[in-house]
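> Right, I'll just put the structure down here and ask away after.
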Amino acid sequence: KTDEVTLFEKNIEPLKEFLIGVDIVGFVSDIKSLTYFYYVQYSIAPIVLANDTERDLVVGCFHDYSKAENIAQRERLLLVKNFGNGLFLFRSF
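Taken in order, the sequence shown gives residues 4 to 96; the numbers are from the working numbering.
What follows is the structure, encoded as structure tokens:
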């Protein structure tokens, strides 16, 4: 299948494997629309995705990859892993 959600799920699979045993993660993005928030939530279920950066781990989903570093600094996040395609995992500090 090549629909947008299926492709998104395939790209997020390495993140989901990385989060085994985690109950809840935060979310940050450079996109104002909640579309990617819902895509991530759907793809990592049953892990709960909170639309904030107040969690120990925070998923970053960026359309413009160059904004990731500035947003992470502003939100006080440290990079844990870059999964490519604008998908990041951060840790709060």
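We treat Cβ as the ideally placed atom computed from N, Cα and C, and that holds for glycine. On a predicted model such as this, the values are computed, not experimentally measured, just so you know.
When you compare only the Cα positions, how much space is there between residue 62 and residue 9?
Within the sequence shown, numbered from 1, the residue matching residue 62 stands at position 59. Within the sequence shown, numbered from 1, the residue matching residue 9 stands at position 6. Distance between the alpha carbons of residue 62 and residue 9: 19 Å.
> Is the CB-CB distance between residue 96 and residue 82 below 8 Å?
As a working note, residue 96 is residue 93 in the sequence shown. As a working note, residue 82 is residue 79 in the sequence shown. No, these two residues do not count as a Cβ contact at 8 Å.
> Starting from residue 46, trace the alpha helix (DSSP H) in both directions and tell me its first and last residue.
Mapped onto the sequence shown, residue 46 falls at position 43. 38-47 is the extent of the alpha helix (DSSP H) around residue 46.
> Tell me the DSSP bridge mates of residue 85?
Translated into positions along the sequence shown, residue 85 becomes position 82. Residue 85 is bridged to 91.
> Per the contact definition of three or more C-beta pairs closer than 8 Å, is the segment 72-81 in contact with the segment 40-54?
Touching, no, given that fewer than three Cβ pairs across the two stretches are closer than 8 Å.
> Measuring CA to CA, which of 16, 58, 67, 64 is closest to residue 27?
Residue numbering aside, residue 27 sits at position 24 when the sequence shown is read from its first letter. Out of 16, 58, 67, 64, 58 has the C-alpha closest to the C-alpha of residue 27.
> Tell me the residue span of the beta strand (DSSP E) that contains residue 25.
Within the sequence shown, numbered from 1, the residue matching residue 25 stands at position 22. Looking at the DSSP string, residue 25 is not in any beta strand (DSSP E), and its letter there is neither H nor E.
> On a Cα-Cα basis, can you pick out the residue from 94, 86, 87, 68 that is closest to residue 32?
Position 29 of the sequence shown, counted from the start, is the residue given in the question as residue 32. For the residues 94, 86, 87, 68, the minimum Cα distance to residue 32 belongs to 68.
> Could you pull the DSSP bridge partners for residue 62 from this structure?
Translated into positions along the sequence shown, residue 62 becomes position 59. DSSP output for residue 62 lists 30, 92 as bridge partner(s).
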